[in-house]
Amino acid sequence: MIFFETRLKGAFIIEPERLEDERGFFARTFCQQEFSAHCLDATFVQCNISFNKNKGTLRGMHYQVKPYEETKLVRCTRGAIYDVIIDLRPESPTFKHYFAVELTAENRKMLYIPEGFAHGFQTLEDNTEVFYQMSRMHVPESARGIRWDDPAFNIQWPPYRRLISKRDQVYPDFTL
6 MIFFETRLKG AFIIEPERLE DERGFFARTF CQQEFSAHCL DATFVQCNIS
56 FNKNKGTLRG MHYQVKPYEE TKLVRCTRGA IYDVIIDLRP ESPTFKHYFA
106 VELTAENRKM LYIPEGFAHG FQTLEDNTEV FYQMSRMHVP ESARGIRWDD
156 PAFNIQWPPY RRLISKRDQV YPDFTL
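The C-terminal position of the sequence shown is numbered 181 in the working numbering, with every residue numbered one higher than the one before it.
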């Protein structure tokens, strides 16, 4: 696997390193040793799938509060997404900064999201599926969100007509 740290400390884009021949290729998408060598949390206890019928579906921005913060490893297994993370760690030099990357079934990139980040995405194609590996079990009472268009972050989303759940539309603006 090839690890590229983003401009947000602790968040990585991970690309599978392909071993190719005439049949196709083989690649690892997770290796505890390699994650540990990059000082990344390699404990995943839950996997989730998000299937999205329509292009323009926006989910986010979601996070868990202490003591249930979670690390995520996100990959698009069908279709394409514009994936966004926000650093919500007050002690971080990139506090309140966001980072976005296009994850597609074709590019097979993954986004490693450490604890203390909000996460969301917008689909770029119909029938898009997203696969998550999570470091903690989901605790509904600890779930929080920030409005996707909060002016504190000025996220530049793709210009599609958006389909957003009522819950995601009414999250409050960010405050400490």
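The C-beta atom is built at its ideal place from N, Cα and C for all residues, glycine as well.
Please read these numbers as outputs of a predicted model, since none were measured by experiment.
Our contact map puts residue i next to residue j with C-beta atoms below 8 angstroms; I'd like the distance itself, whole angstroms only.
i: Met139; j: Gln38; result: Not quite, the Cβ-Cβ distance comes to about 20 angstroms (not below 8 angstroms), so this is no contact.
i: Lys101; j: Ala157; result: 6 angstroms
i: Asp155; j: Asp178; result: 5 angstroms
i: Ile18; j: Thr76; result: 15 angstroms between Cβ atoms; not a contact.
In terms of alpha-carbon separation, which member of the options lies closest to residue i?
i: Leu13; options: Asp26, Arg28, Arg33, Val106; result: Val106
i: Arg82; options: Val135, Asn53, Phe104; result: With the sequence shown as reference, residue 82 is identified as Thr, and Arg is not the correct amino acid for it. Considering only alpha carbons, the answer is Val135.
i: Val89; options: Pro163, Ala110, Cys36, Thr48; result: Pro163
i: Ser170; options: Pro98, Leu63, Phe30; result: Leu63
i: Arg4; options: Lys71, Glu74, Gln127, Phe49; result: Because the chain is modelled from 6 through 181, residue 4 falls outside the range shown and cannot be assessed.
i: Phe49; options: Tyr137, Lys60, Leu181; result: Tyr137
Below 8 angstroms between beta carbons: does that hold for residue i and residue j?
i: Phe122; j: Leu78; result: no
i: Leu129; j: Ile160; result: no
i: Gly84; j: Asn132; result: yes
i: Met6; j: Glu25; result: no
i: Thr34; j: Met142; result: no
i: Val175; j: Tyr73; result: no
i: Tyr68; j: Arg149; result: yes
i: Ala32; j: Phe40; result: no
i: Leu181; j: Asn59; result: no
Terminal residues of the continuous alpha helix (DSSP H) containing residue i?
i: Glu1; result: Here the chain has residues from 6 to 181 only, and residue 1 is not among them.
i: Ser41; result: 37 to 42
i: Gln174; result: 171 to 174
Which residue marks the beginning of the beta strand (DSSP E) containing residue i, and which one marks its end?
i: Glu74; result: Neither: Glu74 is in no beta strand (DSSP E) and is coded neither H nor E.
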